[in-house]
Ligand SMILES: *[C@@H]1O[C@H](CO)[C@@H](O)[C@H](O)[C@H]1NC(C)=O
Ligand SMILES: *[C@@H]1O[C@H](CO)[C@@H](O)[C@H](O)[C@H]1NC(C)=O
Ligand SMILES: *[C@@H]1O[C@H](CO)[C@@H](O)[C@H](O)[C@H]1NC(C)=O
Ligand SMILES: *[C@@H]1O[C@H](CO)[C@@H](O)[C@H](O)[C@H]1NC(C)=O
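Numbering (this note's numbering), first residue to last: -13 to 351.
Written out as structure tokens, the structure reads:
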């Protein structure tokens, strides 16, 4: 009996180690700009196919100049009495598709050198899909992005996927991926005033800051770029393996100015764009004709009136970027500190000394 129990314990410990092992896959964590040299180091030159959720779509994007295929993954029959554990490519509210995720991955990796972005709306679909990835790993030699919305974003209509479970489940099968971890958002008329807040940024960092060295890309909705871009350049400053993916719904009225600012101040090699052709063309044209870049980003950062001062608790996390530091409290507190390079502590240092104005933002809005 005792031996049996010990054996069970050993097995339980071994199984995750065994399933995590992968021999064959390559390039899955590549920066897409390196993987597709024809992009000339500019995310605007990466061509995306969005919602590749049928055999017809797949055939189309395997034949045209698409570089990255984005697809939505659900379980066949999800939410119905006939729910299965078979991953298929479909966007909710659809519950079925003629395209099995197995066939999508198999065909894309066997017949093309294109990359894949797998977008999950349900936690239940992650395990069965990652099993397929593991089974086919020896033929996966392209960028592989695993995407879900894990934190509430501007005007969020619904709850995000459970962040820890999503990341842990995906990574327990195969962690040599780019994790694309975003915010649930919604847009409607009169919602232009919304934006990404520091609270949202710190919320997502709680889950992603320790994913080192696994690359993380943060999808952000272009419509709020004009008001939030400086937060994203800060995020890019935290770590080389962080990137931004700008996306938009086709009906969003986007201010190109915000995209210009992000581009102006952020590292172009780590900003990707998943935009409809028309908007991408407008953007390219704006770059060509040189829309004047807006003023110093500080103007949008240091409005003292918009910050509420509260005292910092003992268990704050400090995130250091190249130009500033952020503090995130245990539950209700977050803050942002502008510091200069010399205030960065040496590795292992226990205290951070910051001089100048320190402001804390109350997370309860
Ligand atoms: C796949 O697409 C190509 C090019 O668009 C087309 O010629 C071909 O007929 C399609 N095949 C199928 C099976 O749809
Ligand atoms: C579930 O499957 C049964 C048997 O095939 C079928 O009669 C029924 O309509 C299905 N239900 C749904 C919601 O698709
Ligand atoms: C992948 O596709 C090839 C060619 O169609 C096929 O022979 C093979 O069985 C498929 N692999 C899987 C796991 O379905
Ligand atoms: C994947 O997990 C292994 C084992 O935990 C770890 O050593 C490795 O650094 C991880 N790889 C990435 C890219 O995070």
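For glycine and all other residues, C-beta sits at the position ideal for the given N, C-alpha and C.
Query: Going by beta carbon distance, what residues of the same chain come within less than 8 Å of residue 266, once the five residues before and after it are set aside?; Result: 30, 259
Query: Any residue with its Cβ nearer than 7 Å to a heavy atom of ligand 2 should be included. What is that list in chain order?; Result: 63, 66, 67, 68
Query: Residues with a Cβ closer than 6 Å to any heavy atom of ligand 4, in chain order?; Result: 161, 162, 199, 200
Query: What separation, rounded to the nearest whole angstrom, lies between the Cα atoms of residue 155 and residue 113?; Result: 6 Å
Query: To the nearest whole angstrom, what separates the beta carbons of residue 242 and residue 269, a pair I think is in contact under 8 Å?; Result: 6 Å
Query: Quick check: the Cα distance between residue 104 and residue 86, rounded to an integer number of angstroms?; Result: 13 Å
Query: What residue range is occupied by the uninterrupted beta strand (DSSP E) comprising residue 260?; Result: 257 to 260
Query: Considering only heavy atoms of ligand 1 and the C-beta of each residue, which residues fall inside 5 Å, strictly closer?; Result: 45, 49
Query: What is the chain-ordered set of residues for which the beta carbon lies under 6 Å from any non-hydrogen atom of ligand 3?; Result: 88, 92, 96
Query: Please classify residue 76 as buried or exposed, where buried requires at least 16 other C-beta atoms within 10 Å of its C-beta.; Result: buried
Query: Looking at the unbroken beta strand (DSSP E) that takes in residue 204, where does it start and where does it end?; Result: 202 to 207
Query: Taking the continuous alpha helix (DSSP H) assigned at residue 217, which residues delimit it?; Result: 211 to 224
Query: DSSP puts residue 228 in a beta bridge; with which residues?; Result: 202
Query: So, at 7 Å on beta carbons, what are the nonlocal neighbours of residue 74 in its own chain, with the 5 sequence-adjacent residues on each side left out?; Result: 60, 62, 82, 83, 85, 86, 87
Query: If you follow the alpha helix (DSSP H) that residue 107 is part of, which residue opens it and which one closes it?; Result: Neither: residue 107 is in no alpha helix (DSSP H) and is coded neither H nor E.
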